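Asks: What follows is a structure written as structure tokens; I'll ask about it next.
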Amino acid sequence: MAIAISPALIMAMVGSLVFFLLGIFYQGNHENRIRIILGLFVFAAVLIGRISIEEGKERASLFAVALAIAMFLAIQRFAGGNPLLSCGLVALVWWCSHQLVWDCTLIDESEDAS
């Protein structure tokens with residue numbers, strides 16, 4: 060049960076941080092679009108963190124690079140502004156998701172996976 064609930068709680072925690080930062084710093088016309096894009100980014104970042112635990116960092120890095128580029132382009136398209144801030148936001152979300160997934164995931168080696 061903890062294996063299923065843990066990613067959802069991590070998504071809620073990182074999502075709360077992202078939406079808090081969005082509420083403070085973003086004052087534009089596309090707030091709903093940015094909110095949806097960032098919410099889906101948090102969802103994907105947590106799940107890619109799970110992929111890196113279960114299947115290795117090499118496989119997860121393929122997804123991570125593509126997602127980071129798409130996320131950067133989406134933020135630049137709708138929010139504009141400084142590209143360095145966009146990269147910083149993507150890096151912050153990625154780092155928080157990665158650290159929380161690796162620290163909060165229980166891997167029980169004693170149970171048979173089949």
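Residue numbers for the sequence shown follow the numbering used here, so the first one is 60 and each next one is one higher. Quick reminder that beta carbons are idealized off the backbone N, C-alpha and C, glycines included. Since we're looking at a predicted model, the values are computed, not measured.
Val105 and Ser156 - do their beta-carbons sit closer together than 7 Å?
Replies: Yes; because the gap between Cβ atoms is below 7 Å, this pair is in contact.
Asks: In three-state DSSP terms, what is Asn91?
Replies: In the structure shown, Asn91 sits in a helix (DSSP, three-state: H, G or I).
Asks: Is it buried or exposed for Ala125, if we count other Cβ within 10 angstroms and need 16 for buried?
Replies: Result: exposed.
Asks: Is Phe131 near Ser145, with beta carbons less than 7 Å apart?
Replies: Contact: yes.
Asks: Cutting at 8 Å between CB atoms, please list the residues of its own chain near Ala119, excluding the five before and the five after it.
Replies: Same-chain partners within the cutoff: Ile107, Gly108, Ile110, Ser111.
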